[in-house]
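Take a look at the structure below.
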Amino acid sequence: MITGISPSQERTPALEARDIVFEYVPGTRVLDGWSASFASGSMTALTGPSGRGKSTLLYLLGLMLQPKSGSILVDGQDTGRVRDADRARMRAEHFGFVFQDAALDATRSVLDNVIETALYRRASAAYAKQRGLEILEQLNVGISPHRKPGQVSGGQAQRIALSRALLFSPRILLADEPTGNLDPLTSDVVVDALREHAHGGAAVIIVTHSPDVAAACDRQLRL
Ligand code: ADP
39 MITGISPSQE RTPALEARDI VFEYVPGTRV LDGWSASFAS GSMTALTGPS
89 GRGKSTLLYL LGLMLQPKSG SILVDGQDTG RVRDADRARM RAEHFGFVFQ
139 DAALDATRSV LDNVIETALY RRASAAYAKQ RGLEILEQLN VGISPHRKPG
189 QVSGGQAQRI ALSRALLFSP RILLADEPTG NLDPLTSDVV VDALREHAHG
239 GAAVIIVTHS PDVAAACDRQ LRL
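Everything in the sequence shown is counted per the working numbering, starting at 39 for the first residue and increasing by one.
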């Protein structure tokens, strides 16, 4: 008898970590043989105490750090075996990031911060602006898109950064504590947007300390 393998199990995961070993200081392992795969259309919470390596893992999964050994695969392709330029291209084409430090440019408007990646994608400026305005409204950022972001709250900065990450509907979205500075109501808005993005076909991975956010994910991986 042939045992059933569902089509989703057969599909190559959008992102996969295989036996990842990583150390900042030689001899001190932050990750020691970590493996997981992340399917398209799913939202995963990475949880665990501070200092366990969650942020480090997000940088590795986002191809910003290279493992000491092991591999990160995007659509089954081993990213350790491609040239740096190709890795950078993969990152720009497939990934969206929301890091704890929103890293907004205070000299440019909120909207310009959101659409800045359009420059690297040869996307239409008109499309990027329209989409940027839609997302800022969906995330209820509550600040004029034409203002400079100098005076925004931490929670607003996070939502501006998330708007920027969602602009081109990345197939893989990595977010480090995306609700860390938010009140419960606004946190729900952000989690809903992330879940909608995942269920639209992306692999979404969130580092979170919030049990509510973790519970809203399709699965939880504890480090
Ligand atoms: P988490 O996100 O779970 O709090 P991190 O990935 O930030 O954990 O950190 C994991 C470990 O790596 C910690 O012991 C931290 O001190 C160490 N670490 C993080 N970043 C660096 C760095 N740039 N240089 C050296 N050690 C680091």
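Just so you know, even glycine gets a beta-carbon here, dropped at the ideal spot from N, CA and C.
Just so we're clear, the structure is a prediction, and the values are computed from it rather than from any experiment.
Under a Cβ-count criterion, where at least 16 other Cβ atoms within 10 Å of its own Cβ denotes burial, should residue i be classed as buried or exposed?
{"i": "A140", "result": "buried"}
{"i": "L220", "result": "buried"}
{"i": "D214", "result": "buried"}
{"i": "G134", "result": "buried"}
{"i": "H184", "result": "exposed"}
{"i": "L84", "result": "buried"}
{"i": "P222", "result": "exposed"}
{"i": "T41", "result": "A caution first: T41 carries a pLDDT of 44, below 50, which makes its placement in the model too unreliable to give a value."}
{"i": "P87", "result": "exposed"}
{"i": "S248", "result": "buried"}
{"i": "C255", "result": "buried"}
{"i": "R260", "result": "exposed"}
{"i": "Q104", "result": "exposed"}
{"i": "S191", "result": "exposed"}
{"i": "S80", "result": "buried"}
Excluding five sequence neighbours on each side, which residues of the same chain lie with their C-beta closer than 8 Å to the C-beta of residue i?
{"i": "E154", "result": "D143, R146, R202"}
{"i": "V120", "result": "M128"}
{"i": "L204", "result": "G134, I173, L211, A231, H235"}
Check each candidate in the options and name the one with the smallest Cα separation from residue i.
{"i": "D150", "options": "K106, L259, L261, G170", "result": "G170"}
{"i": "V63", "options": "A77, K106, D226, E54", "result": "K106"}
{"i": "V242", "options": "Q258, P249, D250", "result": "Q258"}
{"i": "R209", "options": "L232, P222, V228", "result": "L232"}
{"i": "Y165", "options": "A123, F206, V136", "result": "F206"}
{"i": "R159", "options": "M128, G108, G79, P216", "result": "M128"}
{"i": "G114", "options": "P51, N178, D226, A199", "result": "P51"}
{"i": "V136", "options": "I198, Q168, R49", "result": "I198"}
{"i": "Q194", "options": "V148, A163, D116", "result": "V148"}
Near residue i, which residues of its chain fall below 7 Å by C-beta distance, leaving aside the five closest residues on each side in sequence?
{"i": "L99", "result": "L53, A55, I110, L212, I243"}
{"i": "S46", "result": "Reliability fails at S46, whose pLDDT of 47 lies under 50, so the model's placement of it is uncertain and the value that follows must be treated cautiously. Here the set comprises A77."}
{"i": "E61", "result": "R67, V68, K106"}
{"i": "Q176", "result": "A231"}
{"i": "V59", "result": "R67, L69, D70, G71, P105, K106, S107, G108"}
If I follow the unbroken alpha helix (DSSP H) through residue i, where does it start and stop?
{"i": "T224", "result": "222-237"}
{"i": "M102", "result": "Note, M102: premise wrong, no alpha helix (DSSP H); not H, not E."}
{"i": "A52", "result": "Premise fails: A52 is in no alpha helix (DSSP H) and is neither H nor E."}
{"i": "S78", "result": "It is not in any alpha helix (DSSP H) - S78 carries neither H nor E in the DSSP assignment."}
Over the uninterrupted beta strand (DSSP E) stretch that includes residue i, give me the two end residues.
{"i": "Q258", "result": "257-260"}
Got a sec? Which residues, its chain only, sit under 6 Å from residue i by beta carbon, not counting five neighbours each side?
{"i": "G252", "result": "It should be noted that the sequence gives Ala, not Gly, for residue 252. Counting only Cβ-Cβ distances below 6 Å, and skipping sequence neighbours, we find A83, T85, T246, Q258."}
{"i": "D57", "result": "G71, S73, G108"}
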